[in-house]
Amino acid sequence: MADLDSVIKESHRARLFPVLAETSKEGRATSILLACLASVSEFGRVMLGSLGQRVGSRAQIAAYTEVSFPMGRGEKAARPDGLLVLRIGSRTWTALVEAKVGAADLDATQVETYCEVARRYGLDAVVTLSNQFAALPAHHPVALSTAARRKVAVYHWSWMNVLTQATLLIDGEGVADTDQAFVLSELVRFLAHPSTGVKGFDRMPPAWPDLVAKAQAGAPISAGDESVREVVGAWHQEVRDLSLILSRQLTTEVHPAIPRAHRGDPEARVKADAERLTAEHCLGASLLVPDAAAPIEIRADLRGRSLLVSMKVRAPEDRKSNKARLGWLLRQIEASEADGLHVRLHYIGRAPSRQASLAEARVDAEEIAGGRDAPELVSMEILLVRDLAARFAQRNKFVSELEAAVPSFYERVGQHLKGWQPRAPKLREERAEPESVSVASLAEASEGGEEEGGPSDGWLVPVQE
């Protein structure tokens with residue numbers, strides 16, 4: 030069996046303009062992508078950085094296509110779509126690349142075969158690309174055996190993720206070299222063209238309508254059912270696609286909020302959301318927008334066939350009355366249309382929350398806030414509620430409605446909200462100079478206070494109750 034150096038010697042450098050058959054869509058897309066990773070420094074840094082590789086200015090990325098790995102007597106040579114070689118000083122990191130385009134999904138057997146190839150040749154990872162989505166590169170959309178992933182890391186990029194990262198770099202003027210920026214813009218143009226086969230998540234799985242019908246009818250749903258796991262997996266893909274849509278709209282990276290315990294264990298995430306689905310008949314997610322007042326909370330209620338999108342902020346503690354606290358929130362979104370928006374108010378202790386439409390809250394904030402005798406208002410939510418009725422169970426309509434509702438909510442509410450925080454303490458005039466709080470000054474103030482029967486301003490003396 031040949032070694033890796035021999036394989037590289039027989040391979041071809043990834044080209045921006047590959048000379049391949051018109052029918053080889055996967056080969057052309059992979060070659061162009063790998064060539065951009067190797068030639069556009071910032072793009073290579075971002076993409077490989079998502080795989081845990083710190084790519085500095087001295088790092089070198091080499092990319093190859095038409096690679097062939099001999100597998101020994103009686104075995105066919107393995108022919109993945111590409112090979113990445115990252116050299117950082119004396120350290121080398123290598124990865125096989127396997128890509129699918131259009132409606133073609135990754136095959137678990139094929140990916141596991143490439144894991145075995147990587148293991149035999151001492152490679153570090155296998156990277157896959159397809160129109161399937163993963164919350165994190167380490168969360169693979171295809172279920173792989175534990176044995177296959179032993180000693181070899183497996184990562185996944187969706188084509189839409191690649192397109193989004195390239196778009197963010199261009200929109201943010203993140204590529205310093207003008208020639209490299211042009212190359213990256215051409216990659217975006219290529220991937221965005223319909224003929225390339227790059228597409229977003231557009232429909233829930235076949236099990237979706239039946240599962241919605243069961244939830245609405247109150248029929249028992251088991252977290253272990255394959256249909257439940259299939260729906261949860263699809264939901265995770267849709268949430269990731271939704272975060273990429275917002276990223277491109279806002280020209281900043283939006284991430285799904287994933288609990289720390291689930292970041293390294295995608296199976297635990299699927300299990301937790303499957304249990305929530307069976308217990309609450311709903312799917313939930315949070316999106317983190319940089320510098321936003323709060324996460325965007327998303328809830329798909331299967332029993333009610335409705336979507337809820339919301340953000341929750343802390344009530345301003347420098348306003349004494351509940352009416353003033355609610356007014357602080359309403360002023361932030363006073364220019365927003367009220368249709369479909371609601372306000373939910375949360376009080377201190379175990380007092381029940383109150384909810385009203387935004388239109389009602391604008392008419393009588395004091396009544397909605399509960400009046401003067403109500404418990405202290407501690408937090409407030411703005412919610413967008415969309416009743417989808419029969420459209421909820423339709424596989425493609427559900428996705429399109431969700432992808433319309435979340436950006437609409439952010440435009441009407443999210444981008445206007447500001448979180449409250451206490452004001453910074455002010456420097457008192459009599460203590461403006463450092464000498465006024467020196468040891469000598471403190472001693473003098475203390476002695477002066479004793480002579481007069483107590484400190485003149487109560488400073489540094491504990492209050493006795």
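Under the numbering used here, the residue at position 89 of the sequence shown is numbered 118, and the numbers go up by one with no gaps. Don't be surprised by glycine CBs; every beta carbon is placed ideally from N, CA and C. Remember, it's a predicted structure, so these values are computed and weren't measured experimentally.
Thinking C-beta only, is L198 closer than 8 Å to V6?
-> With the chain represented from 30 up to 494, any question about residue 6 goes unanswered, as that position is not in the structure.
Of all the options S53, I90, A124, R57, which has the alpha carbon lying nearest to the alpha carbon of L33?
-> A124
Are G293 and N351 closer than 8 Å when you measure CB to CB?
-> no
Through-space distance from V392 to E481, alpha-carbon basis = Its pLDDT being 49, under 50, E481 is placed unreliably by the model, and the measurement read from it follows with that caveat. Roughly 56 Å separates the two Cα atoms.
What three-state label does DSSP hand F98 in the structure shown?
-> strand
Is L413 near the ligand ZN, with its Cβ less than 7 Å from a heavy atom?
-> Annotation note on the ligand ZN: not contained in the displayed structure, which lists no ligands.
Is it the case that the Cβ atoms of R495 and T193 are separated by a distance below 8 Å?
-> Any answer about residue 495 is impossible in this case: the structure gives the chain only from 30 up to 494.
Under the rule that 16 or more other beta-carbon atoms within 10 Å means buried, what is D381, buried or exposed?
-> For clarity, residue 381 is Pro in the given sequence; the question names Asp instead. Classification for P381: exposed.
Where R373 sits in the DSSP three-state scheme = strand
Roughly how many angstroms lie between the CA atoms of E202 and A64, to the nearest whole one?
-> 20 Å
Cut-off 7 Å between Cβ atoms - residues of its own chain near V414, not counting five sequence neighbours on either side = S335, L337, G369, H371
Which term fits A314, buried or exposed, when burial requires 16 or more other beta carbons within 10 angstroms of its beta carbon?
-> buried
A286 versus M233 - alpha carbon distance | 21 Å
Taking the alpha carbon of V261 as the point to measure from, which residue in L62, E432, C144, P170 has its own alpha carbon closest?
-> P170
State the DSSP-derived secondary structure class of E284, mapped to helix, strand or coil.
-> Note on residue identity: the sequence assigns His, not Glu, to residue 284. Looking at H284 - three-state DSSP - the assignment turns out to be strand.
Return the CA-CA distance between A472 and P319, expressed in angstroms with no decimal places.
-> 48 Å
Helix, strand or coil: which one does DSSP assign to Q82?
-> coil
Determine, using beta carbons only, whether N190 and L273 come nearer to each other than 8 Å.
-> yes
Hey, out of R360, L45, R298, L406, whose CA is closest to L387's CA?
-> R360
Quick one: Cα of F421 to Cα of S187, how far?
-> 26 Å
Pull up the distance between the alpha-carbon of H222 and that of G78, whole angstroms please.
-> 26 Å
Tell me whether H168 is buried or exposed, calling it buried when 16 or more other Cβ atoms sit within 10 Å of its Cβ.
-> buried
Whole-angstrom distance between M100 and S53, CA atom to CA atom | 24 Å
Pick helix, strand or coil for M233, following the three-state DSSP scheme.
-> coil
Give me the Cα-Cα distance between F98 and R116, rounded to the nearest whole angstrom.
-> 21 Å
Under a three-way DSSP split, which group does K349 fall into?
-> coil
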